[in-house]
Structure formats: structure tokens, C-alpha cells
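In our numbering, the protein residues as written are 142 to 326.
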Amino acid sequence: MASAIALIVAVGALFMILSDDDGGDEGPSADGRVIKLGDPVEVPPIDETTPAFITTEFETFDGATTSLAALRGKPTIVNFWSSTCQACIAEMPDFEEVHQVVGEEITFVGLNTSDREEAADELADRTGVTYLLGRDPDGFFFREIEGLAMPTTLFLDPAGELVDSHAGTLTADQLNEKIDELYRS
């Protein structure tokens, strides 16, 4: 009986420690640092250890060029999609829904992969997404992340380091759960 009570007390204490939350929007970064949405972040310099998918420029749908390195400073969600991928098409409105709520705190990037430009533009118009859209016409970025399935979503910390990835469709609820887990826990 005494050992059962001790076990209950130990589990309760562990629960209290693990659930001790001050309500802040904090979560782990790739190196274990705490991320707090909205706080300024020291962005490390680009060097030879920075992955090519972070430093390589891509063309945006509006004709500009940028890179994921240029977007560092707040968390970034990168979603790889194609107009021939039914799962990609299905999740785009969900990504837009979440982007409309947290777009000031988190950068959203949709990278169209190995697609005809006209087909990609038509799908972007049809789904009504307003987050940043870029082109990966030859699949360079998708190969660099060793992507295997479409859609694939990357979650980067404010310094531009990969903290998680997901292969397959994400609903708005699942995406919000992932954001809470990675950036607000």
C-alpha cells in the first residue's frame, strides 16, 4: 500500500513539473534553446554549415527572388506542394486559414515543386492562398531536404534551423497543434 501511494505521489509530482507552464509562447529550438514567439532573435551568420536549402534563392510567384535565409527572424513554415498532388490541393485552404490567424508571428512559404508555372499559378489563384509562394521548378529544394512524399512541411526556428518536418496532409487543427507544440509549449 505504501509503495502504491509513493508511486501516485511521484507521478503527481512529475505531472506538476511537466505541466508547469507560465502561459508563455515558448517552445524548443533545434539546439534546445527556448523560442518565444514575438521576441527578437539573434540570427547566426551564414557559413559553410548552413544547408543549401536555406541559402539558395528561389523565385517568388510575383517575380522577386528570396531565400529562406532572408526570411529568418521568426519561425517559418515551408510547405512543398504541386498542382498534381490532390493532398496538397486539399491542405492549401487549411494553411491559408492558419496563416490568416498567426501570419504576423510565423512566416508561411509555399514552395511549388516540379510543376508547370501556369498550373501552379492557376492553383494558387483557385485556392486563394495569400502567403509567400515560391517556385522550385526542378525540385532542387525538395531533393535537398530529402523529401519523399507530397505534401511535405518543414518547421524552422527563427534562426532558420529545422526543428521538425511532416510528410503528408495537415489539417488546420493539426497545423495549429504543431505550432503550439513547437513554438508555444
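Even glycine gets a Cβ: it sits at the ideal position worked out from N, Cα and C.
Can you tell me which of the three DSSP states residue i falls into?
i: D235; result: helix
i: G196; result: According to the sequence shown, residue 196 is Thr rather than Gly. If DSSP states are grouped into helix, strand and coil, T196 belongs with the helices.
i: R267; result: helix
i: I320; result: helix
i: A290; result: coil
i: D305; result: strand
i: I230; result: helix
i: R213; result: coil
i: A123; result: The structure shown does not extend to residue 123, since the chain is modelled only from 142 through 326, so no value can be given for it.
i: E245; result: coil
i: D314; result: helix
i: E259; result: helix
i: E183; result: coil
i: E189; result: coil
i: G165; result: Its pLDDT being 40, under 50, G165 is placed unreliably by the model, and the measurement read from it follows with that caveat. Of the three classes helix, strand and coil, the one that applies to G165 here is coil, per DSSP.
i: S326; result: coil
From the DSSP output, read off the bridge partner residues of residue i.
i: V219; result: V250 and L295
i: L273; result: V250
i: T206; result: E200
If you compare alpha carbons, which of the options is closest to residue i?
i: F199; options: F282, G301 and D298; result: F282
i: R213; options: R325, T196, E237 and Y272; result: T196
i: R257; options: C226, E246, V243 and G269; result: C226
i: L273; options: P186, I320, K319 and A205; result: A205
i: A261; options: T201, A308, V242 and I320; result: T201
i: C229; options: E246, M291, T271 and P299; result: M291
i: G244; options: E259, N253 and T271; result: T271
i: K319; options: D203, F236, E189 and A231; result: F236
i: N253; options: D321, V219, S326 and E189; result: V219
Residues in the same chain with beta-carbon distance under 7 Å from residue i, minus the five sequence neighbours each way, listed in chain order, please.
i: L323; result: G168, F296, V304 and D305
i: D172; result: At D172 the pLDDT is 49, less than 50, meaning the model places this residue with poor confidence and gives no usable figure here.
i: A193; result: E285
i: N317; result: V239
i: G288; result: F221
Cutting at 8 Å between CB atoms, please list the residues of its own chain near residue i, excluding the five before and the five after it.
i: S255; result: S223, D277, P278, D279, G280 and F283
i: S208; result: I195, T196, T197, E198 and F199
i: A210; result: I187, T191, I195, T196 and G301
i: V184; result: R213, G214, P299, A300 and G301
So is residue i in contact with chain C if we call contact Cβ pairs under 7 Å?
i: P299; result: No chain C appears in the structure shown, which is made up of a single protein chain.
Skipping 5 residues on each side, what residues in its chain have a beta carbon closer than 6 Å to that of residue i?
i: H307; result: T294
i: T217; result: T248 and L297
- Task: Determine contact between the segment 260-274 and the segment 308-322, defined as no fewer than three beta-carbon pairs at a distance below 8 Å.
- Result: Under the three-pair Cβ rule at 8 Å, the segment 260-274 does not count as touching the segment 308-322.
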